[in-house]
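Protein chains: 2
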Amino acid sequence: MKDDKERNLEITDLAHESAKLRLFVEAPLFEGAAISLKDAQAHYVIHVMRANAGDRVLLFNGRDGEWLARVAKISRKDAILSCDSKTAEQAGVPDLWLAFAPIKKTPADYVAQKATELGTSRLQPVFTDRTVVRRVNTARLRANAIEAAEQSGRLNVPEIEEPLALEALLRSWPKERRLVFCDEGGDARPIAEVLAAAKGSAGAWGVLTGPEGGFTKKERSAIRRHPFVLPVTLGPRIMRADTAALAALAVWQSVLGDWAAL
Amino acid sequence: MKDDKERNLEITDLAHESAKLRLFVEAPLFEGAAISLKDAQAHYVIHVMRANAGDRVLLFNGRDGEWLARVAKISRKDAILSCDSKTAEQAGVPDLWLAFAPIKKTPADYVAQKATELGTSRLQPVFTDRTVVRRVNTARLRANAIEAAEQSGRLNVPEIEEPLALEALLRSWPKERRLVFCDEGGDARPIAEVLAAAKGSAGAWGVLTGPEGGFTKKERSAIRRHPFVLPVTLGPRIMRADTAALAALAVWQSVLGDWAAL
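If you read the sequences in order, they're chains A and B.
Numbering follows the working numbering, with no gaps: position 250 of the first sequence is 250.
Positions in the second sequence are counted from 1; adding 262 to them yields the working numbering.
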């Protein structure tokens with residue numbers, strides 16, 4: 001907890017000197033809105049951050065922009081924030097989904113955190129033939145994504161979808177949404193080259209990464225059969241599943257996303 | 263331990279069906295060489311992997327290529343491998359250093375692992391004004407790098423340097439080695455654009471990332487004063503120090519490294 005606390009302080013110091021905290025809330029945000037914190041969030045603010053009445057807090061809800069609020073009332077059990085002024089207009093992230101085969105518990109948390117920092121709009125766990133994990137705690141993924149959104153300055157939280165089998169994912173994938181398939185097979189083209197060729201044509205994108213051990217041959221050809229799929233290679237070394245996912249997201253943002261030159 | 267074991271099995275299954283393990287060793291490798299495993303490595307092979315006489319093992323030492331060996335003798339305490347045939351000629355990775363401000367213990371391990379998978383040739387911890395960590399366990403970083411090299415199919419292990427103060431790093435930095443400075447300040451150019459402009463001019467490179475909280479203003483101008491420094495931005499979101507490092511390495515490999523089109 002201490003790391004998060006320290007970090008939250010540092011970030012909001014940089015962003016808005018007066019605010020000690022940056023929180024995602026569900027409630028509507030407008031001038032004079034009173035936000036009553038609940039459960040884990042109330043505990044965090046009261047007992048971990050030890051907030052006092054009058055302390056400044058930044059709030060966002062994914063719809064109404066970012067607001068500067070202050071702690072209006074605080075007790076050992078309850079904290080009520082009062083919304084003062086808008087500090088940023090609502091803004092999204094690029095339309096980039098990550099479909100990933102969940103691996104072990106910690107790496108999935110890690111993927112949620114990192115993918116959020118890397119500006120992903122949706123996280124979609126996928127079950128494949130070699131996926132060992134058979135259950136995904138989406139509430140936990142969402143908690144990790146919220147924390148990362150709070151710390152990264154995002155104004156929204158990525159959508160966390162329930163897991164899908166690979167076949168169902170491919171069947172339901174929107175036809176106009178291009179899917180960057182991180183393929184360990186031999187003939188895929190380098191990722192930067194494939195993405196650069198798509199430059200200038202805006203639109204919706206996704207990245208698909210496999211489990212440890214990779215996709216089976218059968219899965220690889222089933223994936224490649226779809227016209228929206230762009231197979232790419234991430235170089236000659238074998239990467240862990242989470243490394244591959246984060247690397248592909250970073251390269252995408254640098255070529256086609258909001259890290260790219262205007 | 264189980265994850266590593268499973269993973270090691272999977273990877274070497276893919277690489278060379280007959281080998282159950284891939285190990286980095288210090289000893290020279292040649293036909294008929296007898297390699298006596300020591301300490302933690304002997305323990306791993308004997309008690310974790312439960313190897314038997316005759317089992318196949320892949321070996322590399324960073325100099326002599328990759329060799330297929332077999333377990334010649336094994337007891338509860340000792341394991342001796344015998345080198346049979348070369349399976350790959352020695353090959354390096356691109357000449358890319360990562361200079362990073364160490365953060366907390368787990369992230370530094372993580373950075374060593376991921377940077378190894380991402381094909382970094384040297385890891386250089388750097389102490390900056392806002393670096394909280396004041397000691398770096400380089401033996402532990404090296405152990406993480408070795409494990410990642412074994413699993414990623416690399417034929418060498420990145421060099422792990424002792425920490426340097428930022429000033430000493432800049433003073434001793436080779437003049438001809440370009441340094442990609444991940445700058446949170448406002449006017450740096452997008453990373454893909456800066457790297458694309460350097461395309462075609464081969465050479466030695468490095469990436470520099472800061473601690474949580476970033477570099478101070480004074481540090482930023484000290485860094486930018488050097489002609490070998492190329493300031494870049496990694497987009498509008500605030501990233502954790504380890505995310506920034508991995509993202510910059512991935513983008514570099516995709517534009518200038520061995521993930522790029524020939």
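Even glycine gets a Cβ: it sits at the ideal position worked out from N, Cα and C.
In terms of alpha-carbon separation, which member of the options lies closest to residue i?
{"i": "A/R171", "options": "A/V57, A/A222 and A/V71", "result": "A/A222"}
{"i": "A/P28", "options": "A/C83, A/A99, A/K77 and A/E176", "result": "A/C83"}
{"i": "B/E421", "options": "B/N323, B/R312 and B/I297", "result": "B/N323"}
{"i": "A/P211", "options": "A/H43, A/G65 and A/D183", "result": "A/D183"}
{"i": "B/G471", "options": "B/T393, B/P356 and B/D326", "result": "What sits at residue 471 of chain B in the sequence shown is Thr, not Gly. Among B/T393, B/P356 and B/D326, the Cα nearest to that of B/T471 is on B/T393."}
{"i": "B/L457", "options": "A/P227, A/Q124 and A/W259", "result": "A/W259"}
{"i": "A/S85", "options": "A/P94, A/L59 and A/K77", "result": "A/L59"}
{"i": "A/N144", "options": "A/P125, A/P163, A/A168 and A/K114", "result": "A/K114"}
{"i": "A/A42", "options": "A/W67, A/A19 and A/R76", "result": "A/R76"}
{"i": "B/L403", "options": "B/E412, B/L385, B/R312 and B/R416", "result": "B/L385"}
{"i": "A/E26", "options": "A/H47, A/A51, A/H226 and A/G65", "result": "A/G65"}
{"i": "B/I336", "options": "B/L358, B/F362 and B/H309", "result": "B/H309"}
{"i": "B/L360", "options": "B/F443, B/L518 and B/K461", "result": "B/F443"}
{"i": "B/A506", "options": "B/V469, B/A459 and B/V491", "result": "B/V469"}
{"i": "B/G465", "options": "B/R284, B/P436, B/E455 and B/V307", "result": "B/P436"}
{"i": "A/E176", "options": "A/E150, A/P227, A/T138 and A/G186", "result": "A/P227"}
{"i": "A/L81", "options": "A/L230, A/A192, A/A19 and A/A108", "result": "A/A19"}
{"i": "A/D109", "options": "A/E147, A/L169, A/R22 and A/V57", "result": "A/E147"}
{"i": "B/T400", "options": "B/L426, B/R487 and B/G381", "result": "B/L426"}
What does residue i reach in chain B if we use C-beta pairs closer than 7 Å?
{"i": "A/K114", "result": "T505"}
{"i": "A/E117", "result": "R499, M501, R502 and T505"}
Using a C-beta to C-beta distance shorter than 8 Å, which residues of chain A count as neighbours of residue i?
{"i": "B/P452", "result": "S254, W259, A260 and A261"}
{"i": "B/Q413", "result": "I238 and R240"}
Give me the chain A residues within the contact set of residue i, using Cβ-Cβ distance strictly less than 7 Å, ordered along the chain.
{"i": "B/E455", "result": "A261"}
{"i": "B/L496", "result": "W259"}
Need the endpoints of the alpha helix (DSSP H) that residue i sits in, please.
{"i": "B/I408", "result": "T400 to S414"}
{"i": "A/R178", "result": "First-last for A/R178: R178 to C182, but that is the beta strand (DSSP E), not the alpha helix (DSSP H)."}
{"i": "A/I238", "result": "Here A/I238 belongs to no alpha helix (DSSP H), and DSSP marks it neither H nor E."}
{"i": "A/H43", "result": "D39 to H43"}
{"i": "A/S221", "result": "K217 to R224"}
{"i": "B/E474", "result": "Taken as a continuous stretch (DSSP letters only), B/E474 belongs to no alpha helix (DSSP H), as it is neither H nor E."}
{"i": "B/E288", "result": "Neither: B/E288 is in no alpha helix (DSSP H) and is coded neither H nor E."}
{"i": "A/I46", "result": "Per DSSP, A/I46 belongs to no alpha helix (DSSP H) and is neither H nor E."}
Using a C-beta to C-beta distance shorter than 9 Å, which residues of chain A count as neighbours of residue i?
{"i": "B/V513", "result": "A192, A247, A250, V251, Q253, S254, V255 and W259"}
Check the DSSP bridge columns for residue i and list the partner residues they point to.
{"i": "A/S254", "result": "Beta-bridge pairing links A/S254 to no other residue."}
{"i": "B/E421", "result": "B/R384"}
{"i": "B/L283", "result": "B/V319"}
{"i": "A/G206", "result": "A/W97 and A/L179"}
{"i": "B/A427", "result": "B/F389"}
{"i": "B/P493", "result": "B/F443"}
{"i": "B/R451", "result": "B/V494"}
Below 9 Å between beta carbons: does that hold for residue i and residue j?
{"i": "B/R499", "j": "A/S121", "result": "no"}
{"i": "A/S36", "j": "A/A69", "result": "no"}
{"i": "A/A188", "j": "B/A512", "result": "no"}
{"i": "A/N156", "j": "A/G54", "result": "no"}
{"i": "B/P452", "j": "A/S201", "result": "no"}
{"i": "A/F271", "j": "A/D129", "result": "This structure gives no information on residue 271 of chain A, because the portion of chain A shown stretches from 1 to 262."}
{"i": "A/E219", "j": "A/L166", "result": "yes"}
{"i": "B/E424", "j": "B/V395", "result": "no"}
{"i": "B/I365", "j": "B/A523", "result": "no"}
{"i": "A/A51", "j": "A/V71", "result": "yes"}
{"i": "B/M501", "j": "A/E117", "result": "yes"}
{"i": "B/A460", "j": "B/L496", "result": "no"}
{"i": "B/W514", "j": "B/D357", "result": "no"}
{"i": "A/A101", "j": "A/P125", "result": "yes"}
{"i": "A/V229", "j": "A/L179", "result": "yes"}
{"i": "A/A192", "j": "B/A454", "result": "yes"}
In chain B, what lies closer than 8 Å to residue i by C-beta?
{"i": "A/R154", "result": "R499"}
Taking residue i as part of the beta strand (DSSP E), name the residues at either end of that continuous run.
{"i": "B/A334", "result": "E328 to I336"}
{"i": "B/D219", "result": "In the structure as shown, chain B starts at 263 and stops at 524, and residue 219 of chain B therefore has no counterpart that could be examined."}
{"i": "A/I35", "result": "A34 to S36"}
Between residue i and the ligand MG, is there a pair consisting of the residue's CB and a ligand heavy atom that are separated by less than 8 Å?
{"i": "B/G354", "result": "Ligands in the displayed structure: none, and consequently the ligand MG is not present."}
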